[in-house]
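In the numbering used here, the protein residues as written are 1073 to 1304. For reference, the structure is listed below as structure tokens.
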């Protein structure tokens, strides 16, 4: 008798982390790139551009990280608020809550005879009942307690990593006009690679994602450069 092959489920479970990396890296690549390009159109001293770029990376990473922290805390507070409301409704109006559970299962095509024992079983386990309503009625997943700190650190770290890429040529080359050319080359390559990887982790096509990411970064840098040129 042939041995049955064990089926292994392989699902991607780091969507929150990937989202944070995408947020931090995309802004980190684009904003300092646009700033450096804009300053290159006005001055030819790389020391000024590097100083301004590092200051922007520091400020941007803190602002982005804090934004991620507050967003994650807000999600946790919203979940806790909805959970308290569901607990109260399960205790005070159980018949209405049981009907809501039944409606969820009707949406999957189950009959009343099939639904009744499931609803009864859930009604005897209040915490499981509330967890069910949170997920299937409200579409909410319970945030992990450390989510806010991890989100802040991930976004800030990704922003710093992305921001140093367009700034690196200005650190290594003393002439701003020459450093700009190298910055454009390495940043476009980074944007294309980042967009490709982002597409691999999402439903977007990798090539399309790569081109879109590079286009956004190029437009931002080009606009900043032209404005600086016009002003100077």
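Even glycine gets a Cβ: it sits at the ideal position worked out from N, Cα and C.
One Cα belongs to residue 1177, the other to residue 1161, and the distance between them is close to 19 Å. Taken in chain order, no unbroken stretch of beta strand (DSSP E) lies wholly in the segment 1179 to 1228 with a span of 3 residues or more.
With fewer than 16 other Cβ atoms inside 10 Å of its own Cβ, residue 1134 counts as exposed. Apart from the 5 residues on each side of it in sequence, residue 1104 sits with its Cβ closer than 7 Å to the Cβ of 1125, 1128, 1129, 1235, 1238 and 1239 in its chain, given in chain order.
Contact between residue 1271 and residue 1286 does not hold, since their C-beta atoms are separated by about 12 Å, which reaches or exceeds 8 Å. With contact defined as three or more Cβ pairs closer than 8 Å, the segment 1215 to 1228 and the segment 1180 to 1197 are not in contact. Apart from the 5 residues on each side of it in sequence, residue 1166 sits with its Cβ closer than 7 Å to the Cβ of 1195 in its chain, given in chain order.
Residue 1107 and residue 1210 have their C-alpha atoms roughly 42 Å apart. In the DSSP assignment, residue 1108 falls within the unbroken alpha helix (DSSP H) covering 1087 to 1112. The count of Cβ pairs closer than 8 Å, one atom from the segment 1254 to 1268 and one from the segment 1146 to 1164, stays below three, leaving the stretches out of contact. In the three-state reduction of the DSSP assignment, residue 1277 falls in the coil class, being assigned neither a helical nor a strand state.
Around residue 1282, the same chain offers 1264, 1267, 1268 and 1271 as residues with beta carbons nearer than 7 Å, after the five sequence neighbours per side are excluded.
Around the beta carbon of residue 1118, 16 or more other beta carbons sit within 10 angstroms, so the residue counts as buried. Exposed is the label assigned to residue 1180, since fewer than 16 other Cβ atoms lie within 10 Å of its Cβ. Contact between residue 1159 and residue 1202 holds: their C-beta atoms lie close to 6 Å from each other, under 8 Å. Listed as beta-bridge partners of residue 1117 by DSSP are 1247. The DSSP-derived three-state label of residue 1237 is helix.
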